[in-house]
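Counting along the sequence shown from 1, when you hit position 116 you're at 116 in the UniProt record's numbering, and nothing is skipped either side.
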Amino acid sequence: MGPRKCEVCNEALSKYKCPSCLVPYCSLVCFKKHKEIPCAKPVSSEEKSTPVPESLVERPLTAEQPGDVLQKLQLEAIASSSEIRDALKDGNLQKLIYNIDGSPDAENELDKAMGAEVFRTFTEKSIVT
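Take a look at the structure:
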């Protein structure tokens, strides 16, 4: 995909993109003109299709066994894993996690998610990390 036309002046080819909304622009003059109106990061098609619940489900955090709770070091290892981050880019996995987190019956949603290969692979990577 080659350079696009500046969406501010509609004359020159763009060399740059706005860091917030990714609108292409050609010069500092066009950038300043663009910034006169506040902009925001565009919403991806996946984000548009995922409904946002009006209220999140409140659940107490409990664990049957003390060993079921991850330690800070374990959480940091998961958070810093490039393999985990790459897996989390998958839209299907995001939807499964979103459904589990937003469900009043999270345990049932978790059982359903375990039927999906992408979720099983993700949980295995999380455990190994």
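Yeah, the Cβ is synthetic: ideal placement off N, Cα and C, and Gly gets one too. Predicted model, so just to flag it, every value in this text is computed and none were measured.
Please classify residue i as buried or exposed, where buried requires at least 16 neighbouring CB atoms within 10 angstroms.
i: V8; result: buried
i: A79; result: exposed
Taking the continuous alpha helix (DSSP H) assigned at residue i, which residues delimit it?
i: E76; result: 72-79
i: V29; result: 28-34
i: N92; result: 91-102
i: I37; result: Note, I37: premise wrong, no alpha helix (DSSP H); not H, not E.
i: V8; result: Careful: V8 lies outside any alpha helix (DSSP H) and carries neither H nor E.
i: D111; result: 106-113
i: E83; result: 82-87
Distance, Cα to Cα, residue i vs residue j?
i: E124; j: P24; result: 41 Å
i: N10; j: I37; result: 17 Å
i: N92; j: I127; result: 20 Å
i: Q94; j: L28; result: 38 Å
i: L110; j: S103; result: 10 Å
i: L88; j: E117; result: 14 Å
i: Q74; j: E64; result: 19 Å
i: F122; j: I84; result: 7 Å
i: K35; j: S20; result: 10 Å
i: D86; j: K33; result: 36 Å
i: Q71; j: R4; result: 48 Å
i: N108; j: P66; result: 22 Å
i: Y98; j: C39; result: 27 Å
List the whole-angstrom C-beta distance separating residue i from residue j, where the pair is believed to meet the contact cut-off of C-beta under 8 Å.
i: S82; j: T129; result: Going by Cβ atoms, the distance from S82 to T129 rounds to 10 Å, so no, they are not a contact pair.
Who are the Cβ neighbours of residue i in its own chain at under 7 Å, not counting the five residues just before and after it?
i: C26; result: C6, C9, A12, L13, S14, K15
i: F119; result: L93, L96, A113
i: D90; result: V118
Using a Cβ-Cβ cut-off of 6 Å (strictly less than) and excluding sequence neighbours within five positions of residue i, which residues of its own chain qualify?
i: A77; result: T129
Ignore the nearest five residues each way along the sequence and tell me which others in residue i's own chain have a CB closer than 8 Å to its CB.
i: F31; result: V8, Y16, C18, Y25
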